[in-house]
Amino acid sequence: MEFDTQLLFPIDQILLAVMIFLIMFGMGASLTVNDFKTVARYPRGILIGFLSQFGLMPAFAFFLALYLELPPAYAIALILIGCLPGGTTSNMFAYFARGSVALSIAMTTASTLLALIMMPVLLELYTAGFTEQISSEMRAAGADTDFVIPTGNIVSSLALVLVPVALGMVLRARSREWAKTAEDTAGFMAIIVILYLIATAFIRHTGLFLQTPKEIYIAAICVGLLGFLFGYWMSRLFRLSPLFQRAISLETGIQNGPVAFAIILLSFHEPIQSQMLWLAILYSTFIVMTSSFVTLYYRKIGKFDWEVFKNTTIHNRLFGEKYISRYPKGFLPPRIKNDPSQGSNPHQIREQPDKSEHS
Amino acid sequence: MNNRVIATNLAELYKGAAERYGELPAFATRKSSQQWEPVSFRDLYEMGLQLATSLIELGVNYKDHVGLFADNRFEWILADYGVQLSGSADVPRGTDLTDEELIYIVNHAHIKVAFIEDKRLLKRVKSLQKEMPELATLILMEGEVPNEENEPNRKKFQNGEEELNGEEVQNHEKDLNVDKDLGSNGVYSIEELVIRGRELREEGDRRAEQRMEQIRPDDLFTLIYTSGTTGTPKGVMLTHANMISQMQVIPIELNCTDRVLSILPIWHIFERVFEMYTICCGVCTYYTSIRTLGDDMKNVEPTFMGSAPRLWESLHQRILKRIKEAHPMRRLLFHTAYFLSRIYKGSVYFLRDREEKLRPASKMKRALLYPLHMLRWLIVVPWYGFFNVAVLEPIRMSAGGSLKATVSGGGALPEEIDRFFNYIGIPVLEGYGLTETAPVVAARTLDNLVIGTVGPPVPETDIRIIDIDNGAVQYPDPDDRYGGRGRRGEIWVRGPQVMKGYYRDQERTDEALEEEWFRTGDLGMITFNDCLKILGRIKATIVLSSGENLEPEPIEMRLNQSPFIEHSMVVGQDRKYLGVLVVPDLKEFRDHGLEVESLEELANNEQAEKTIRSEIKKIVSPKNGFKSFELIRDFRMLEEGFTAGEELTSLFKMKRHVISEKYSDKIDEIYRPEPAKS
Numbered sequence: 013m014e015f016d017t018q019l020l021f022p023i024d025q026i027l028l029a030v031m032i033f034l035i036m037f038g039m040g041a042s043l044t045v046n047d048f049k050t051v052a053r054y055p056r057g058i059l060i061g062f063l064s065q066f067g068l069m070p071a072f073a074f075f076l077a078l079y080l081e082l083p084p085a086y087a088i089a090l091i092l093i094g095c096l097p098g099g100t101t102s103n104m105f106a107y108f109a110r111g112s113v114a115l116s117i118a119m120t121t122a123s124t125l126l127a128l129i130m131m132p133v134l135l136e137l138y139t140a141g142f143t144e145q146i147s148s149e150m151r152a153a154g155a156d157t158d159f160v161i162p163t164g165n166i167v168s169s170l171a172l173v174l175v176p177v178a179l180g181m182v183l184r185a186r187s188r189e190w191a192k193t194a195e196d197t198a199g200f201m202a203i204i205v206i207l208y209l210i211a212t213a214f215i216r217h218t219g220l221f222l223q224t225p226k227e228i229y230i231a232a233i234c235v236g237l238l239g240f241l242f243g244y245w246m247s248r249l250f251r252l253s254p255l256f257q258r259a260i261s262l263e264t265g266i267q268n269g270p271v272a273f274a275i276i277l278l279s280f281h282e283p284i285q286s287q288m289l290w291l292a293i294l295y296s297t298f299i300v301m302t303s304s305f306v307t308l309y310y311r312k313i314g315k316f317d318w319e320v321f322k323n324t325t326i327h328n329r330l331f332g333e334k335y336i337s338r339y340p341k342g343f344l345p346p347r348i349k350n351d352p353s354q355g356s357n358p359h360q361i362r363e364q365p366d367k368s369e370h371s
Numbered sequence: 253m254n255n256r257v258i259a260t261n262l263a264e265l266y267k268g269a270a271e272r273y274g275e276l277p278a279f280a281t282r283k284s285s286q287q288w289e290p291v292s293f294r295d296l297y298e299m300g301l302q303l304a305t306s307l308i309e310l311g312v313n314y315k316d317h318v319g320l321f322a323d324n325r326f327e328w329i330l331a332d333y334g335v336q337l338s339g340s341a342d343v344p345r346g347t348d349l350t351d352e353e354l355i356y357i358v359n360h361a362h363i364k365v366a367f368i369e370d371k372r373l374l375k376r377v378k379s380l381q382k383e384m385p386e387l388a389t390l391i392l393m394e395g396e397v398p399n400e401e402n403e404p405n406r407k408k409f410q411n412g413e414e415e416l417n418g419e420e421v422q423n424h425e426k427d428l429n430v431d432k433d434l435g436s437n438g439v440y441s442i443e444e445l446v447i448r449g450r451e452l453r454e455e456g457d458r459r460a461e462q463r464m465e466q467i468r469p470d471d472l473f474t475l476i477y478t479s480g481t482t483g484t485p486k487g488v489m490l491t492h493a494n495m496i497s498q499m500q501v502i503p504i505e506l507n508c509t510d511r512v513l514s515i516l517p518i519w520h521i522f523e524r525v526f527e528m529y530t531i532c533c534g535v536c537t538y539y540t541s542i543r544t545l546g547d548d549m550k551n552v553e554p555t556f557m558g559s560a561p562r563l564w565e566s567l568h569q570r571i572l573k574r575i576k577e578a579h580p581m582r583r584l585l586f587h588t589a590y591f592l593s594r595i596y597k598g599s600v601y602f603l604r605d606r607e608e609k610l611r612p613a614s615k616m617k618r619a620l621l622y623p624l625h626m627l628r629w630l631i632v633v634p635w636y637g638f639f640n641v642a643v644l645e646p647i648r649m650s651a652g653g654s655l656k657a658t659v660s661g662g663g664a665l666p667e668e669i670d671r672f673f674n675y676i677g678i679p680v681l682e683g684y685g686l687t688e689t690a691p692v693v694a695a696r697t698l699d700n701l702v703i704g705t706v707g708p709p710v711p712e713t714d715i716r717i718i719d720i721d722n723g724a725v726q727y728p729d730p731d732d733r734y735g736g737r738g739r740r741g742e743i744w745v746r747g748p749q750v751m752k753g754y755y756r757d758q759e760r761t762d763e764a765l766e767e768e769w770f771r772t773g774d775l776g777m778i779t780f781n782d783c784l785k786i787l788g789r790i791k792a793t794i795v796l797s798s799g800e801n802l803e804p805e806p807i808e809m810r811l812n813q814s815p816f817i818e819h820s821m822v823v824g825q826d827r828k829y830l831g832v833l834v835v836p837d838l839k840e841f842r843d844h845g846l847e848v849e850s851l852e853e854l855a856n857n858e859q860a861e862k863t864i865r866s867e868i869k870k871i872v873s874p875k876n877g878f879k880s881f882e883l884i885r886d887f888r889m890l891e892e893g894f895t896a897g898e899e900l901t902s903l904f905k906m907k908r909h910v911i912s913e914k915y916s917d918k919i920d921e922i923y924r925p926e927p928a929k930s
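Here the protein sequences come in this chain order: A and B.
Take any residue in the first sequence, note its place counting from 1, add 12, and you have its number in the numbering used here.
Take any residue in the second sequence, note its place counting from 1, add 252, and you have its number in the numbering used here.
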């Protein structure tokens, strides 16, 4: 399908840029230097998170594009989405899904920095075939240059996006209160801008929703779902605690949408820019819905683990770090039996659970 | 129900909890905001056995009554363990009891041994001991026993603290014999009794275990004296079976991962049953206080909390105030969220048949409304979801963020506040009960949360609604089309929780118990979805929102002695303070030269108002022996007198519910918040 009208008017582009700035600033305002330190506290969780975020996700995006035989511009956009770092929205979802918020924040922080290296590498790796296609199409249309992924541009757009994050962090370091206000205001404004953009897009391009082939919808919905599913199973396979499983799962599936917008706007050009943007818009819209359902589901299955975790951490908060909570025999399910604090306090870990539990 | 400890008496329950929950914390005391001291179920039970052994040593017999005069604190529960494990029953009261009450209770219940909270109360008790000849032994719960008290006893117990060998054991026994002779004036600290008990148990003393064997379900575990200014306090006899039945029927599921904040006075049965229930389920209770409540909620993150309406009122106020002070944007967000939640919950209540149903519902109407509510629910759900997460969750965080539900009891919760908490996502499970019913008769559950009612009766409990005038059974009524639902009358209760009677007071026991039925004195009805709704009181007792009970009659009698007052009715049920409706004496005012023709004129006369105000102030004063919560803050003069057959019975007693209903706006006027003073 072709875009006969421009997808975004200049005013929309400005609004989008403002939104990206606000969201990234808000993200910065919610981070502290300490969050980088927590990364070191969960080396296993971070590593597995890293594997699923930069290992599984781009691969899924690639195979999904192949399987659905997506047009190259969409395929590239899908792979781009697959390579993105996590966004702060995932932290909020992790909170409500009764996952480890600390791990979620740590993963967001780590992946945002690592993206500077990983994204260009992964894009080179996975998009090669599709760029060929675009080049040949362009040559057929009479162009005399090859299409290449603007790696340098992508890195500089990523770096540019990190500027407001840094500004937000500076604010946070100066004043906690102001940072909180900034974070909330930014979040709220961003929601309004997104709603406006979706609404205007819907009104102006009602036809577009109908014209879009179903493969594109499937791709936009499934890339996130596959991320949730395999992020969960992978961390389960590595026997991480249930809290970590849920955090990694959501972190893998939920990508930083605004970064995608920034990269597409700054680094790509027509004829493929509009198509790429469209997929990014669809992904951002559907991921909110899918992650809401996944969150509700996790919330339900995670209820017991979460209550044990909460109670144990509060014991440690009030009775001292070294206090050990001993639940009655048979009360804890095997998966958290050896560590009711689920990774948040080394003192709670039991080497030989059966001996330490008084029966 | 499988996670509750099963037992036949409280001593067995305590033992079972120690075996099952072992080293989990049972109670925690605040040292500073992030530093609390836990006591495990096992340690508590061990200390309880030690204390029980000492109590037996001090001469506490099976079925004796032990005084327990203290407020909510860890030592209270320890004392209770000691008392239950020694086969005796406690007689609890808070430290705010008056001298008269103290003397009455101690003598009426034949208390020989009593726990005393602190030195201040100890001093008071000591000064009154002449009037309480049987009270021989006092146990101080806080701090050391003052030196001037009882030198010989101190010395003896200091000996006891040293390690014992065979020889010393003999000395010890000798000492204890001496103690029995000296005991007539003994004051001990709870700590030294625990230490002494430990030594005795180390020597192989197993008298506590023998006592536990003796306990029968029908034995008293407590004797609670309810306050009241008419006549004398009544000693409600509650048995182990009463309390154990509550452990089985309370419709709230708790487990070892729950945390409960405790703030109410423990001698109230409502808080007591709650603490017993937390022990039964392995839940840790954290003691808090009004002063530190906000802070403790954030640190402890309670999952459950029981409190009187007063606390929910103040929490409601605090949240509203914060919203008012917030940025206009935030305020708008809150109001939107609240509105959406109201719409959403409204539909949920309708669809699940959880609306207050006072009238038989037409099936037709319901069938028609059903799809509409379905549609409304579908439209609202995503928006509600978003606002619930973004706006309501941070508000819930101010109460710790983990509250699964709360319980309100000990008085009626104003419906507005009830709705507020339910809408912001903190379910309020209002319950109904009295000291005489140990206490839970009915309670809402998460599944059956009908606002405006106190939920369905708990299992094994039967309810009757009895016509006030002719005594006919209104509910259950098999002849009625609706089985008697929707009819008003006095609530009668039958079930395993109903008390044995009032201690040494056959007359009042007979008044309250009609065979196995207990007459609550409350007016109520069964709704059409089988929940109990409380409509008011038949008995005159007023329960303030702070939980204080008082009898209006003595106050009215004193007021009516004023020549200016013909009739008066004290009001204040579920309010913060007392007010009074006054029928002024027209003749007296005219005799004093006030030129008024009618009561109506008099009611609006400034001079008269001044006179009445000063009369009330003069009569109901602390000087005349009224407690601070009995003082009258405001009054309204009525423009009509009371007439027999209307407001008065043929015996000229006031029909309180008739008067309350007729003058409800006057009463509301008394409690209307005054315009803000700058």
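Yeah, the Cβ is synthetic: ideal placement off N, Cα and C, and Gly gets one too.
Remember, predicted model here, so these are calculated numbers, not experimental data.
*Flag Asn165/A as yes if its beta-carbon sits less than 8 Å from any beta-carbon of chain B, otherwise no.*
Taking Cβ atoms only, chain B never reaches closer than 8 Å to Asn165/A, which makes this a no.
*asked:* Is there a C-beta anywhere in chain A that falls below 8 Å from the one on Leu276/B?
replied: Yes, because at least one Cβ of chain A sits closer than 8 Å to the Cβ of Leu276/B.
*Is there at least one Cβ from chain A nearer than 8 Å to Gly558/B's Cβ?*
It does not; no Cβ of chain A falls within 8 Å.
*Whose Cβ in chain A lies nearer than 7 Å to the Cβ of Cys508/B?*
Correct list: Tyr339, Pro340 and Phe343.
*Please determine if the segment 208-228 of chain A and the segment 263-277 of chain A are in contact, where contact requires at least 3 C-beta pairs separated by less than 8 Å.*
Under the 8 Å Cβ criterion, the segment 208-228 of chain A does not count as touching the segment 263-277 of chain A, having fewer than three qualifying pairs.
_For Gln336/B, would you say it is in contact with chain A, using Cβ-to-Cβ distances shorter than 8 Å as the test?_
Gln336/B does not count as touching chain A.
*Between the Cα of Phe37/A and the Cα atoms of Ile93/A, Ala89/A, Gly99/A and Ile58/A, which residue gives the shortest distance?*
When each option's Cα is compared against that of Phe37/A, the closest is Gly99/A.
*Nearest-angstrom Cα distance between Arg789/B and Glu852/B?*
Rounded to the nearest angstrom, the two C-alpha atoms are 29 Å apart.
*Contact between the segment 134-150 of chain A and the segment 83-93 of chain A (3+ Cβ pairs under 8 Å)*: Segments in contact, yes.
*Contact check, Asn674/B vs Ile703/B under 8 Å by CB: the rounded distance?*
By a beta-carbon distance limit of 8 Å, Asn674/B contacts Ile703/B. Their separation comes to about 6 Å.
*Selected residue, minimal CA-CA separation from Met130/A, among Leu277/A, Pro22/A and Leu63/A*: Of the candidates Leu277/A, Pro22/A and Leu63/A, the residue whose Cα lies closest to the Cα of Met130/A is Leu63/A.
*With DSSP as the reference, label Lys408/B as helix, strand or coil.*
Low confidence applies here, because Lys408/B scores a pLDDT of 46, under 50, leaving its location unreliable; read the following figure in that light. Note: Lys408/B maps to helix in three-state DSSP.
*Residues of its chain near Gly236/A, where Cβ-Cβ distance is below 6 Å and the 5 sequence neighbours each way are ignored*: In the same chain as Gly236/A, and ignoring 5 residues on each side of it, the C-beta atoms closer than 6 Å to its own belong to Gly265, Ile299 and Thr302, in chain order.
*Who are the Cβ neighbours of Trp635/B in its own chain at under 6 Å, not counting the five residues just before and after it?*
For Trp635/B, where only same-chain residues beyond five positions count, the Cβ hits under 6 Å are Leu592.
*DSSP on Glu847/B, reduced to helix/strand/coil?*
DSSP, read as helix, strand or coil, puts Glu847/B in coil.
*Is it buried or exposed for Phe321/B, if we count other Cβ within 10 angstroms and need 16 for buried?*
Label assigned to Phe321/B: buried.
*Classify Leu811/B as helix, strand or coil using the three-state DSSP reduction.*
Helix.
*Closer than 8 Å, Cβ to any Cβ of chain A: which residues of the segment 277-289 of chain B, in chain order?*
Within the segment 277-289 of chain B, the qualifying residues are Pro277, Ala280, Gln286, Gln287, Trp288 and Glu289.
_Run through chain B and tell me which residues come within less than 7 Å of Ile326/A, C-beta to C-beta._
Within chain B, the residues whose beta carbon sits less than 7 Å from that of Ile326/A are Arg511, Val552 and Glu553, listed in sequence order.
_Residues of chain A with CB closer than 8 Å to the CB of Arg272/B, please, in chain order._
Simply Pro340.
*Which parts of the segment 671-742 of chain B are runs of the beta strand (DSSP E), unbroken and 3 residues or longer, counting only runs that do not cross its ends?*
Runs of the beta strand (DSSP E) inside the segment 671-742 of chain B: 680-685, 692-695, 714-718 and 725-727.
*By how many angstroms is the C-alpha of Glu682/B removed from the C-alpha of Thr779/B?*
One C-alpha to the other measures close to 15 Å.
*At a CB-CB cut-off below 7 Å, which residues of chain B make contact with Glu189/A?*
Among the residues of chain B, none has a CB under 7 Å from the CB of Glu189/A; the nearest is roughly 12 Å distant.
*Could you tell me the boundaries of the alpha helix (DSSP H) in which Thr121/A lies?*
Residues Val113 to Ala152.
_Reference Phe343/A, options Ile336/A, Lys334/A, Phe316/A and Ile326/A, closest by Cα_ = Selected option, being the one with the closest Cα: Phe316/A.
*Verify the CB distance criterion: does Gly268/B have a CB-CB separation below 8 Å to chain A?*
Not one chain A Cβ lies under 8 Å of Gly268/B.
*C-beta neighbour in chain A for Gly637/B, strict 8 Å*: By this cut-off, Gly637/B is an interface position.
*Proximal residues, the segment 639-668 of chain B versus chain A, C-beta separation under 7 Å*: Residues are counted here when their Cβ sits less than 7 Å from a Cβ of chain A; for the segment 639-668 of chain B these are Val641 and Ser654, given in chain order.
*With a cut-off of 8 Å, does the C-beta of Leu330/A fall near any C-beta of chain B?*
Closer than 8 Å to some Cβ of chain B, the Cβ of Leu330/A qualifies, so yes.
*Residues from the segment 87-115 of chain A in contact with chain B, defined by Cβ distance under 7 Å*: Residues passing the 7 Å Cβ filter: Phe108.
*Are the beta-carbon atoms belonging to Ile58/A and Met119/A less than 8 Å from one another?*
Taking 8 Å as the cut-off, the Cβ atoms of Ile58/A and Met119/A count as close.
*Minimum Cβ-Cβ distance from Val320/A to chain B less than 8 Å*: True, the Cβ-Cβ gap to chain B drops below 8 Å.
*By how many angstroms is the C-alpha of Ser916/B removed from the C-alpha of Asn857/B?*
Taking the straight line joining both Cα atoms gives about 22 Å.
*asked:* Within the continuous alpha helix (DSSP H) that includes Leu276/B, where are the two ends?
replied: In the DSSP assignment, Leu276/B falls outside any alpha helix (DSSP H) and carries neither an H nor an E.
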